Amino acid sequence: MPATANAEPARPDRFQRIDGAFGYAGFKPAALDPARQLKVLIQVDGDPVGEAAAEAADAGRTVDRPALRAGLRDKHRDVEEKVKAEGGTVLSSYTDTFNGIAASVPRRSLPAIQQAPGVVSVHPVRTFKADNTAGIPYIGAPQAWQDLGRTGAGVKVAVIDTGIDYTHANFGGSGDPAAFAGNDGTVIEPGTFPTAKVIAGYDLVGDAYDAGDPASVPRPDPDPLDCDGHGSHVAGSSAGSGVSADGKTYPGPYDATTHTRAFKVGPGVAPAASLMAYRVFGCAGSASEDVIVSAMERALKDGADVVNMSLGSPYGREDEPSAQAVRTLTRAGVTVVASAGNSGQNAYLVGAPAIAPSAISVAALDAARAELPAAKISADGTEIVAQNSNEAPLPSGSLPIAVLRTSYPSGPLSLGCDPADYAAYPGGVSGKLVITLRGTCARVKRAILGQKAGAAAVAMVNTDAAFPALEGPITSDPDTGEQYTVTIPFLGIRSTDGAAAATLDGKSTTLTALTVPSPGYSRLASFSSGGPANVSSALRPDVTAPGVSVVSTGVGTGSGAATISGTSMASPMVAGVAALVKQAHPRWRPDRIKAAILSTADATTKITGYTARVAGSGVVAARQAVGASVIAEGRGGSANLSFGLKSLTGAYRQSESFTIRNTGERAVTYDLAAAFTGEAYGAQVTVSPRTVTVGRDSSRDVHVTLSLSAQAVAALPAAETSNFGTVVHIQGAVTATPRAAAEGVSPLRAAFLLVPDAQSEVRSGRPGRYTPADGGLATSVQVRNTGAHAGAADVYAWGVTDADDVKGAEDSMDVRAAGVQTLPGPALGGADTDRALVFAVNTSGRWSNAATGEFDVAIDSTGDGTPDHYLVGADYGLVTTGDLDGRFATFVFKADGTLVDAWIATAPMNGGTLLMPVLASEVGLAEGTSRFTYSVAGFSQVPDGLVDETEAAVFDAFAPAVSTGAYVPLAPGASAAVPLTVDPARLAATPAKGWLVVSLDDRSGRDEADQVGLGRLPAVQP
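Okay, so the sequence shown: first residue is 885 according to this note's numbering, each after it adds one.
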């Protein structure tokens, strides 16, 4: 007997309005962006020189590098001619880490260039953003100095960043700010550069460059002097010598007592290492992927041992040029360390180039302070505890409160990123506590702008429930490089207190100083980008290091410090550890150096709330990594085990392995165990063998098996659970505990992660016989679930179909079909006289996170052939703050770019179908004027660009031609008859192809949306 089919129009748990959402001024729907030139990296057939040289070295041969370069450039010529023939411009050529060219080409020419002989792939160029006395001891570096005598001597660390202020005392400079101020950063004055500490470098872009400005072009020069500060800070954490309290370069010694001395700037992790500076940023703004690849080529040619890249672009992919260049660097013997990113802990955000399998991808935790300076805001019975982020003295007496808004009196909170925001406040902000919202600009910019406007203090509401990063003294604007000292308090308010803070406008407060326990201490930083890896679902990041309120080199200060937070600050600490390991083991290749760092990490004593998906194997332990004679290693050097994304149609069992390698002189015995962290969803993990003895200079394999019974697979959460930034995953770690302690023998660990995707298999038949009913036609469709997991039949009017004509990762934005269902208005919180519309968009491929793309539904409600509204599915953070955050949402825009409303969309992770809600009234529809035309366009966000456009379809929100909205849950093995109706008269005016039957738990792509055609309709008797 078929199950009863019931429509469930009122499902308030399915779609949720995002109250208070507002549009970032810099965002507009991609469909409104005019066609433009694209900057691309074109990969040409053949291995780069670095890869060919590594393969030859593995075989005991040498290669003629100049001849190889010449041969690759010959291959480039035909491709360059094709680019020019298509109206493009060749920008640069690459041979050593990446084989290809950079070019600017018309968007329309991409298919022709992709099909040209010799072209492997075409990648739109990404835009990259720049992503110590407390942090260095936290990871145990002084113990490595003391016990092992390793300080990085003889190791060359390349910093690809904003340059290095080599006049600073932390790098052996004079320590006189005048030396920096008088240095012409476009030329090398005699005797200034290189130095004994900063031994090489190059400026690939010039001061004015900003990749975010299409009109900006690189203007290289030989002087890599930093004018931003980020690169100098990074270099100091990695390999700064240290600055004594008297402002002089610290000469040593480096031992366990070093950090008990008084410092203006503490030494870096590898204080005796040499530095190389490759500048890829201007004085402000962003960098581009082609320039970063060029910097990697220079670092390889100049003989770097370790490369640090504290930069990235969210949603990284292993196939993009920067990740390919990382692979070549590591194959050529260079250890590459990169920041995971600062986009927050939602899923699939880890950026490129950190996403490269051979890189060491670094997350950040808070190791700054166990207690924080704070201020209590007391006003009209409301008390809010805020962090005193710059530790400035609090003003005494009563302060009026000014809550900045985008419009007055009741608009959303303003970001406070523009001087006009302060000038627009009624009555001005002079002498007041100004309250703003975090987003878009550097946090401290609000303090700078507020002080310039005369404010007595500035507070910023954070975007999550933690306090924002502790800033320390604010001496410059990171966005512009302007030197400016803030003397007023800059307060940080947790998001949970944001609503209360917004109600205080016009009231008065007193600020009371206090200290509060730091809720983030020893925990992962809230900004640290979450894994797993986009596309592959591999375990990323790899490892964690301190990255909150890190004190290091202050650019242009001569001998002063700056406090900055980010995974940018964590990455150079790991790069410093890599330099120490390289010094201790000069013959170890990058994969073994990586293995030593990951397998000796600490996930018990140095981190609270450990989770492998965001922290990798744990907190880097310098002493253990540097002294290790026994390590655990796997593919690419990582002992961490990536079980990846698994589509489950029944019981599951999979084994992965790692190797315990003993490079020491005596046998070692380990006991092995495995445990889950977090929800295991009924999974089981086993390790074989449970005990292993590894002889001197030998190795043993360890096998780790994850399994789920058929019952456990059936009980896994539904696909919709993995939505709006979350992903269902199973994680844990294998630990190897030595039975006897010895030098070089430490506990080892291998983290593991699985992303299970239990699947239904809902199949729809053809419509049955049509019968007359209420002036129309009635039929039904049989649906059956033969899968291992529960599914559903969710019915939409099928309006759009499109060819499967996009290859590669962008096929997840290649629209295959689209449809609409109409439900009573209360289903979305609307009036009874309104209608709730849900657009279903099905793609040909699978995304890891739908927020890697943008889907624009253009709605023409007036019939003039021009869209009146856009329903935009995109990354929530991108639209509201300008920064990607991994949460996919639906936004309703007017054609002029005005934001009308926002909803949490249904777009499950690792899926291929998204559901976008909107009220009919929000797009200009009402009974009697309810017919509209729509089409869908899919865009890639990272890198950006149009992927697909569809034909137009029509629909009537109040009088649909075919029935919609039936929703039938289907357990495994269940079947049902779904009743459907057709109104032939309406169909003539508002054509439909039939129905889309959507089941989000089916295999991603075409299987999630069955296309059920109308078939042949009988005549309806009047």
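By construction, the Cβ of each residue, glycine as well, lies at the ideal position given by its N, Cα and C atoms.
Being a predicted model, the structure only gives us computed values, none of them experimental.
In the displayed model, P990 falls within a strand according to three-state DSSP.
Within the same chain, G1113, E1366, Q1367, Y1368 come within 7 Å of S1360 by CB-CB distance, once the 5 residues on both sides are set aside. If only complete runs of 3 or more residues are kept, the segment 1385-1425 shows the beta strand (DSSP E) at 1392-1401, in order along the chain. When the Cα atoms are used, S1197 and P1425 turn out to be separated by approximately 14 Å. Apart from the 5 residues on each side of it in sequence, V1862 sits with its Cβ closer than 7 Å to the Cβ of A889, S1664, V1665, V1667, A1677, V1679, A1850, V1852 in its chain, given in chain order.
Looking at the backbone, the Cα of P1061 and that of Y1050 are separated by about 11 Å.
Assignment of beta-bridge partners to H1587 by DSSP yields S1541, S1572.
No Cβ-Cβ contact shorter than 8 Å links A1445 with S1455. Going by beta carbons, T981 and P932 fall inside the 8 Å limit.
Taking a C-beta distance under 8 Å as the contact criterion, T1495 and S1630 do not qualify as a contact pair. Under the three-state reduction of DSSP output, R1550 falls in the coil class, being neither helix nor strand.
Here V1866 is near A1845, since their CB atoms are less than 8 Å apart.
For the 8 Å CB-CB criterion, D1091 and G1166 form a contact. Residue nearest to G1683 within the set T1817, A1053, P1357, V1328 is T1817 (criterion: CA-CA distance). Taken through DSSP and simplified to helix, strand or coil, H1613 comes out as coil. The Cβ atoms of V1838 and R1815 sit closer than 8 Å to each other.
With 16 or more other CB atoms across the displayed protein chains lying within 10 angstroms of its CB, A1711 is buried.
Residue C1301 holds the alpha-carbon nearest to the alpha-carbon of A1337 among A987, C1301, K1260. With fewer than 16 other Cβ atoms from the protein chains shown falling within 10 Å of its own Cβ, L1398 counts as exposed. Positions of the beta strand (DSSP E) runs, each at least 3 residues long and wholly inside the segment 1623-1663, are given as 1632-1642, 1646-1648, 1655-1657 in order along the chain.
Taking the CA atoms as reference points, F1723 sits about 39 Å from D1363. Around the Cβ of V1004, a 10 Å sphere holds fewer than 16 other Cβ atoms; the residue is exposed. Scanning its chain for C-beta atoms nearer than 6 Å, with the 5 sequence neighbours on each side dropped, one finds around G1323 the residues L1299, T1765, in chain order. In the three-state DSSP reduction, L1762 falls in the helix class (H, G or I). In the three-state reduction of the DSSP assignment, N1272 falls in the strand class. Below 8 Å, too few C-beta pairs join the segment 1316-1333 and the segment 1409-1424 to call them touching: fewer than three. Between the segment 1471-1478 and the segment 1377-1391, the count of C-beta pairs closer than 8 Å stays below three; the two stretches do not touch.
Within the same chain, T1011, G1169, S1170, A1171, S1172 come within 7 Å of A1095 by CB-CB distance, once the 5 residues on both sides are set aside. When Cβ pairs closer than 8 Å are counted between the two stretches, the segment 1025-1044 is seen to touch the segment 1499-1514, the count reaching three or more. A straight-line Cα-Cα distance of about 20 Å links A1779 and Q1825. Annotation: the segment 999-1060 contains the following complete segments of the beta strand (DSSP E) (minimum length 3 residues), in chain order: 1003-1008, 1011-1014, 1040-1045. Y1309 has its alpha-carbon roughly 35 Å from the corresponding atom of D1250. Its chain contains Q1271, V1400, S1402 as the residues whose beta carbon lies nearer than 6 Å to that of L1256, once the 5 sequence neighbours on both sides are disregarded; these appear in chain order.
Contact between S1452 and S1223 is confirmed by a C-beta separation of about 5 Å, below the 8 Å threshold. By DSSP's assignment, W1472 forms no beta bridge with any residue.
In the DSSP assignment, V1082 is bridged to L1159.
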